[in-house]
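Undergrad: Have a look at the structure that comes next, please.
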Amino acid sequence: MTPPFKSIDASNDGAPPHPGEILREDLLPHFKVTGEELARHIGIPFGTLNTVLTEKAPVTPSLANRLGASLGQGSSYWLALQLQYDLWHGSLNSSQQAR
Numbered sequence: 239m240t241p242p243f244k245s246i247d248a249s250n251d252g253a254p255p256h257p258g259e260i261l262r263e264d265l266l267p268h269f270k271v272t273g274e275e276l277a278r279h280i281g282i283p284f285g286t287l288n289t290v291l292t293e294k295a296p297v298t299p300s301l302a303n304r305l306g307a308s309l310g311q312g313s314s315y316w317l318a319l320q321l322q323y324d325l326w327h328g329s330l331n332s333s334q335q336a337r
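This note's numbering numbers the first residue of the sequence shown as 239 and each following residue consecutively.
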């Protein structure tokens, strides 16, 4: 099932969205839940989820499994979002260091 949310497309500046942005801006409002409620539902501390929601931490494989099972996209959706985000930022950093 493909959710009616942002895909892995890049934003206007070319940067793909952080998975936390998609979760915060699209999925939580769609499911009408708060971050606290989702954290409780998937069995993690809110602080852990909040670091992802505020784009300060990546989606780990463990969190991807929990989100995928709970929200219906599967873990591969979350891991693909994180990978694309990491690759884009990694290549940006590499090109800046090469200058």
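Don't be surprised by glycine CBs; every beta carbon is placed ideally from N, CA and C.
What three-state label does DSSP hand I280 in the structure shown?
TA: Helix, per DSSP.
Undergrad: Pull up the distance between the alpha-carbon of K270 and that of G328, whole angstroms please.
TA: Roughly 34 Å separates the two Cα atoms.
Undergrad: Would you be able to state if there are at least three C-beta pairs under 8 Å between the segment 313 to 326 and the segment 264 to 280?
TA: Not touching, per the Cβ criterion.
Undergrad: Leaving aside the five residues before and after G342 along the sequence, list all residues of the same chain whose C-beta is less than 7 Å from its C-beta, in chain order.
TA: Look at the range of the chain in this structure, 239 to 337, and you will see that residue 342 is not part of it.
Undergrad: Whose C-beta lies closer than 8 Å to the C-beta of V297 among residues of the same chain, with five residues either side of it excluded?
TA: Correct list, in chain order: P257, G258, V290, L305, W316, L317, L319, Q320.
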